[in-house]
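Trainee: Here it is: the structure, laid out below.
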Amino acid sequence: MSSLTRGFVKLTRRSGAINSCCRLSLSPACNDVPTHTGQTFDNNDPRNVRFDVTGLKKQTNTQWAIDLIASVPPKKVSKRIVACDGGGGALGHPKVFINLDQEGPHSCIYCGLRFQHDHAHH
């Protein structure tokens, strides 16, 4: 336990500043589903109060964007340079041009779609 944490625990125990419903837990045990950033809440975490008050449960999306885009296979194209605008017209992103001279798939910097030069189609 860090000296800062020990000092905080001593201060709160002496002053009684934190009541029992908001007491911090120092145990690493969590029964919470982690978010895409790895964040989890302990059962005694004060941030859980917002769910207790509203009667709602914390909802975590298990379909992370990086996994969804990885499931889309690279588009095989016959040109050395491709343009990606994200599709969807106004719902897309600024058009970027991707050079495919080097081997392997290349990703769009905005949406992550991958393109690969198919050398068989010259």
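Each residue of the sequence shown is one higher than the one before, counting from 269 in the working numbering.
The beta carbon of each residue, even a glycine, is placed where N, CA and C say it ideally should be.
#1: Within 8 angstroms, do at least three Cβ pairs link the region 339-356 to the region 299-309?
#2: Okay, do the region 330-348 and the region 363-381 touch, 3+ Cβ pairs below 8 angstroms being the bar?
#3: Only counting the same chain, and skipping five residues up and downstream in sequence, which positions put a Cβ closer than 7 angstroms to that of Gly360?
#4: Using 10 angstroms around the beta-carbon of Leu368, count the other beta-carbons present and answer buried if the total reaches 16, otherwise exposed.
#5: Run the CB neighbour count on His304, radius 10 Å, all protein chains shown included, and call it buried at 16 or more, exposed below.
#6: To the nearest angstrom, how far is it from the Cα of Asp320 to the Cα of Thr330?
#7: Determine the direct distance from the alpha carbon of Pro314 to that of Ala297, and round the result to whole angstroms.
#8: With respect to the alpha helix (DSSP H) encompassing Ile349, which residues constitute its N-terminal and C-terminal limits?
#9: Quick check on Asn316: does DSSP put it in helix, strand or coil?
#10: Out of curiosity, what's the CA-to-CA distance linking Gly356 and Pro362?
#11: Counting along the chain, where does the beta strand (DSSP E) carrying Ile377 start and finish?
Mentor: In short, the structure shows the following:
#1: no
#2: yes
#3: Asp353 and Gly354
#4: buried
#5: exposed
#6: 22 angstroms
#7: Residue placement at Ala297 cannot be trusted, given a pLDDT of 39 that sits under 50; what the coordinates show is reported in the next sentence. Whole-angstrom Cα-Cα distance: 15 angstroms.
#8: Premise fails: Ile349 lies in the beta strand (DSSP E), Ile349 to Cys352, not in any alpha helix (DSSP H).
#9: helix
#10: 12 angstroms
#11: Neither: Ile377 is in no beta strand (DSSP E) and is coded neither H nor E.
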